[in-house]
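Trainee: Please find one structure pasted underneath; my questions will follow.
In this note's numbering, the protein residues as written are 51 to 383.
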């Protein structure tokens, strides 16, 4: 038997892992939806005078100035429901993404064990590889939903798409199948290191924090009830991974709103970008290095509750489904 501590990827059947991942994604998405809308609005803002005047603010500065001001601006001009724009495709995205992610993570880990043997790789390296594979698989499988989420979150009161169904039909007619995958390259370039770093840090911290949690350490006990180690490890892992891969996330958002509807979103003059490298070059030229990190603050603020809720919910949902499975097995016996 391996001397390694029991870990997330070794628990539960494939179906239980998939169900737990979907449950975690559903709940996490609803909690952090407003911050996600704020992040997207900030990422798409170029801070040019014309962008400000077209967005309804002063022509001398940006429409949105920080997280709180953006929240107030959206509520004032679009109502409370404006903070949940794009929530339907986003909920579908998070459910499917989390289900694919945790399932692929478990499958990738099994494949690594079969290829090089269990405990042959350092835990961090194994977690990084499995996390990178799971992130790439989940991003590719759910990317059209991610694009739809971004476009809905980017539109103001002048609605570009009247419904999810209409958006799908319109994009298919105007942009073809490739239109649903705009920005996939920077998306993969972002998610592979992000998920790799996330799971590497998470799997390294969780066992250590679990021991403190078990001993009722003052810093952890009672934070979120039993299993606070999963939530804390998830927060730290997400902050580290998010900071390292954020520029690719911003580039992805800028490319996702390209196409015939580019000038109809909240920011009317989003530049026309061509490819990942061209987008990075244009942002650096006109907005400087800081332009690649526009929206990072709210992204990190979002990362804490999102990762904590996701991992905490996942652990509990998995244990619930496992207990339910054992109960059904015992009943059959």
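C-beta atoms are modelled at their ideal positions from N, C-alpha and C, and glycine is treated no differently. Given the structure is predicted, the values throughout are model-derived calculations rather than measurements.
#1: Would you identify the three-state DSSP class for residue 148, choosing helix, strand or coil?
#2: Relative to the C-alpha of residue 324, which candidate in 332, 318 and 317 has its C-alpha closest?
#3: With DSSP run on the structure shown, which of helix, strand or coil describes residue 123?
#4: Just verifying my parser: in three-state terms, what is the DSSP assignment at residue 141?
#5: Below 8 Å on the Cβ atoms is my guess for residue 305 versus residue 233; work out the distance and round it to an integer in Å.
#6: Counting Cβ pairs closer than 8 Å, one from the segment 230-250 and one from the segment 182-195, do we hit at least three?
#7: Helix, strand or coil for residue 95 per DSSP?
#8: Count the other CB atoms within 10 Å of the CB of residue 176; is the residue buried (16 or more) or exposed (fewer)?
#9: Quick check on DSSP: helix, strand or coil for residue 320?
#10: Once the 5 residues before and after residue 14 are set aside, which same chain residues still bring their CB inside 8 Å of it?
#11: In the DSSP assignment, the alpha helix (DSSP H) including residue 167 goes from what residue to what residue?
#12: Determine the contact status of residue 368 and residue 70, defining contact as a CB-CB distance below 8 Å.
#13: Could you tell me whether the Cβ atoms of residue 221 and residue 189 are closer together than 8 Å?
#14: Sorted by chain position, which residues of the same chain lie with C-beta nearer than 7 Å to residue 154's C-beta, five sequence neighbours on each side aside?
#15: Suppose the cutoff is 6 Å on Cβ atoms and the five residues either side in sequence are ignored; what does the same chain contact list for residue 195 look like?
#16: Leaving out five residues before and five after residue 357 in sequence, what residues of the same chain have Cβ atoms less than 6 Å from its Cβ?
#17: So which of 119, 95 and 112 has the shortest CA-CA distance to residue 84?
#18: Using the Cβ count rule (16 or more neighbours within 10 Å means buried), how would you classify residue 130?
#19: What are the start and end residues of the alpha helix (DSSP H) that includes residue 193?
Mentor: This is what the structure holds:
#1: Helix at residue 148.
#2: When each option's Cα is compared against that of residue 324, the closest is 332.
#3: When DSSP states are grouped into helix, strand and coil, residue 123 belongs to the helix group.
#4: Note: residue 141 maps to helix in three-state DSSP.
#5: Contact holds; Cβ gap of about 4 Å.
#6: Because the criterion of three Cβ pairs below 8 Å is met, the segment 230-250 and the segment 182-195 touch.
#7: In the three-state reduction of the DSSP assignment, residue 95 falls in the coil class, being assigned neither a helical nor a strand state.
#8: By the 16-neighbour rule on beta-carbons within 10 angstroms, residue 176 is buried.
#9: In the three-state reduction of the DSSP assignment, residue 320 falls in the coil class.
#10: The first residue shown for the chain is 51 and the last is 383, placing residue 14 beyond what the model contains.
#11: Here residue 167 belongs to no alpha helix (DSSP H), and DSSP marks it neither H nor E.
#12: It is a contact, given that the beta carbons lie within the stated cut-off.
#13: 8 Å or more divides the Cβ of residue 221 from the Cβ of residue 189.
#14: Answer for residue 154: 183, 184, 187 and 188, listed in chain order.
#15: Cβ within range, chain order: 139, 142 and 143.
#16: Taking C-beta separations shorter than 6 Å and ignoring five residues to either side along the sequence, the partners of residue 357 in its chain run 284, 285 and 288, following chain order.
#17: Among 119, 95 and 112, the Cα nearest to that of residue 84 is on 119.
#18: Exposed is the label assigned to residue 130, since fewer than 16 other Cβ atoms lie within 10 Å of its Cβ.
#19: Counting along the chain, the alpha helix (DSSP H) containing residue 193 begins and ends at 173-204.
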